[in-house]
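The structure under discussion appears below in the form of structure tokens.
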Amino acid sequence: ETGVTQTPRHLVMGMTNKKSLKCEQHLGHNAMYWYKQSAKKPLELMFVYNFKEQTENNSVPSRFSPECPNSSHLFLHLHTLQPEDSALYLCASSQDPGVAGELFFGEGSRLTVL
Amino acid sequence: AQSVTQLGSHVSVSEGALVLLRCNYSSSVPPYLFWYVQYPNQGLQLLLKYTSAATLVKGINGFEAEFKKSETSFHLTKPSAHMSDAAEYFCAVSDRNNDMRFGAGTRLTVKP
Numbered sequence: 046e047t048g049v050t051q052t053p054r055h056l057v058m059g060m061t062n063k064k065s066l067k068c069e070q071h072l073g074h075n076a077m078y079w080y081k082q083s084a085k086k087p088l089e090l091m092f093v094y095n096f097k098e099q100t101e102n103n104s105v106p107s108r109f110s111p112e113c114p115n116s117s118h119l120f121l122h123l124h125t126l127q128p129e130d131s132a133l134y135l136c137a138s139s140q141d142p143g144v145a146g147e148l149f150f151g152e153g154s155r156l157t158v159l
Numbered sequence: 014a015q016s017v018t019q020l021g022s023h024v025s026v027s028e029g030a031l032v033l034l035r036c037n038y039s040s041s042v043p044p045y046l047f048w049y050v051q052y053p054n055q056g057l058q059l060l061l062k063y064t065s066a067a068t069l070v071k072g073i074n075g076f077e078a079e080f081k082k083s084e085t086s087f088h089l090t091k092p093s094a095h096m097s098d099a100a101e102y103f104c105a106v107s108d109r110n111n112d113m114r115f116g117a118g119t120r121l122t123v124k125p
């Protein structure tokens, strides 16, 4: 596999469920990101990890919990979500933190909260 | 903090016509600027980027963009639209800390 892979591509969950989104990058990058994409709104940066350490939490509610066990894997754990959390969640990676460069995106996980 | 504004959430052109997608930025430091494209049910992919070299930047699929500091603009153009160009386009600005901010996007429709 190449690039950035996200699973699952689609997820439907109730407000009381607990689920996780997974992201894996095969590019040897050192920084990974979670973005939220909602209709008619700019992409919202949620979390940034540089060398497995969280460097940014963009005022994200605690019902979203990220985990980065190594430079290649990033998870987003979800629990007690709200319907307004329904969106496309995009994972991205970049080569070097602290240097403005290209982000490489996965295809996203489409989340629907009932 | 830096930000971008994309003028026009929808742009419609005829096949073969000029494509012009507008982007204005705000940044307190010399910016890095990007255009990304998103096709349906896919993630974003890079079209082109400006990182303080030549002000006219050429990207993939025949797109180009010109950095104009005096106008704080980074508009995306393509001389002749193709049906396959129909997608959503995002302008983004980044500082040297890799804090990338995206615009709200412009959906391009290409009519036959």
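In order, the protein sequences belong to chains A and B.
Following the working numbering from start to finish, the first sequence increments by one per residue and tops out at 159.
Following the working numbering from start to finish, the second sequence increments by one per residue and tops out at 125.
Backbone N, C-alpha and C fix where the C-beta goes; we use that ideal spot for every residue, glycine too.
Proximal residues of chain A, C-beta to C-beta of residue i below 7 Å
i       : result
F115(B) : P87 and L88
K62(B)  : E147
Which residues DSSP lists as bridging residue i, in chain order
i       : result
Q55(B)  : According to DSSP, Q55(B) bridges with nothing at all.
K86(A)  : DSSP lists no partner for K86(A).
T122(B) : S25(B)
N102(A) : F92(A)
V70(B)  : A78(B)
N115(A) : H118(A)
Cβ-based burial, residue i [other Cβ within 10 Å; buried from 16]
i       : result
E28(B)  : exposed
M69(B)  : As written in the sequence, residue 69(B) is Leu, which differs from the Met given in the question. By the neighbour-count rule (16 or more Cβ atoms within 10 Å), L69(B) is not buried but exposed.
H95(B)  : exposed
M77(A)  : buried
V17(B)  : buried
A78(B)  : buried
E152(A) : buried
Pairwise C-alpha distance: residue j and residue i
i       : j       : result
P111(A) : G146(A) : 23 Å
A99(B)  : L46(B)  : 22 Å
S107(A) : A67(B)  : 43 Å
G118(B) : F76(B)  : 16 Å
S83(A)  : E98(A)  : 26 Å
V105(A) : Q140(A) : 24 Å
V24(B)  : L34(B)  : 8 Å
Q51(B)  : L57(B)  : 5 Å
K81(A)  : M58(A)  : 17 Å
Per-residue contacts from residue i into chain A (C-beta, under 9 Å)
i      : result
Q58(B) : F149 and F150
Under 8 Å by beta carbon: chain B residues contacting residue i
i       : result
L135(A) : G56 and L57
Chain-ordered neighbours of residue i on chain B, where CB pairs are closer than 7 Å
i       : result
G153(A) : G56
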